[in-house]
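In this note's numbering, the protein residues as written are 184 to 476. Note that CB positions come from ideal geometry on N, CA and C, so glycine has one too. Take a look at the structure below.
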């Protein structure tokens, strides 16, 4: 059975829904407003959230936006006594699973919850299968350090924040990067790896951003770079501390403007890429030596 959170400022609605859902063997908790609901979601794991639209303080659409930021896979069913087509469409576009008007048709509500749970299970199974196909391994261990790493991955992965992973060789930096991608909204997109230490400095820009035919002696045809290949997904820059200063400047531009240009071209290409980077070097020390910018 599901763990369900009800967010509604009307006590009678909360109590009625809780009574019905507990009769169906679900576990139910109540939040009296949007802010309290978000605090509950940050601390606990829920399978479904029932959220009112019209509430004092944060309204339901604002709550939905924040839920999609911190728990994008969470099924949210919006409930409103002031429903209209535009509101329903807006809620669905923003990530709500369903929209139900008050007073809710209980049969429809129960069916919607059932379908939402099935969808959540399907998404989880798909991710497991994808990890198996891609050869992504689990992070094994129950030590305090491993638990902290897992917690950080769970917290950071759903965001679009760029991440720098540091550690000695063999500590699992690539595994952390893969999990950040797999647990993000970009999981359906590509995960492109670049080992910056293994690519000659004169070729790193071509590898990252691609090149046009004739850009240099061996450029016999146009090549698509790693950033373009990763469009809509994540690019993992391993051993970024070994990247040349000129390549670093181009990466910085890509981060700031979401644009790249191929070697031999002055045409800008828009890219939507999340950058994950890793290094075994002390970058502060490298910056002081003017070998990293």
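Can residue i be considered in contact with the ligand GTP, in the sense that its beta carbon sits closer than 7 Å to one or more heavy atoms?
i           : result
residue 231 : This structure simply doesn't include the ligand GTP, nor any ligand for that matter.
Considering only DSSP beta bridges, list what residue i is partnered with.
i           : result
residue 394 : 406, 446
residue 462 : 349
residue 430 : Paired residue(s): none; residue 430 is not in a bridge.
residue 417 : 374, 457
residue 213 : 189
residue 475 : Bridge partners of residue 475: none, in fact.
residue 234 : 190, 261
residue 281 : 260
residue 452 : 443
To the nearest angstrom, report how far apart residue i and residue j are at their CA atoms.
i           : j           : result
residue 342 : residue 211 : 27 Å
residue 270 : residue 240 : 18 Å
residue 222 : residue 338 : 14 Å
residue 296 : residue 372 : 28 Å
residue 350 : residue 356 : 7 Å
residue 229 : residue 185 : 8 Å
residue 190 : residue 203 : 15 Å
residue 405 : residue 455 : 21 Å
residue 382 : residue 347 : 20 Å
residue 196 : residue 364 : 39 Å
residue 268 : residue 274 : 10 Å
residue 213 : residue 193 : 11 Å
residue 474 : residue 467 : 10 Å
residue 224 : residue 362 : 21 Å
Would residue i and residue j be called neighbours here (beta carbons separated by less than 8 Å)?
i           : j           : result
residue 242 : residue 236 : yes
residue 390 : residue 416 : no
residue 376 : residue 419 : yes
residue 232 : residue 293 : no
residue 306 : residue 336 : no
residue 446 : residue 398 : yes
residue 431 : residue 476 : yes
Is residue i buried or exposed, if buried means 16 or more other CB atoms sit within 10 Å of its CB?
i           : result
residue 345 : exposed
residue 279 : buried
residue 261 : buried
residue 388 : buried
residue 439 : exposed
residue 246 : buried
residue 393 : buried
Inset, instruction - Examine the Cβ distances between the segment 408-426 and the segment 452-467 and report whether three or more of them are shorter than 8 Å. - result: Yes, the segment 408-426 touches the segment 452-467.
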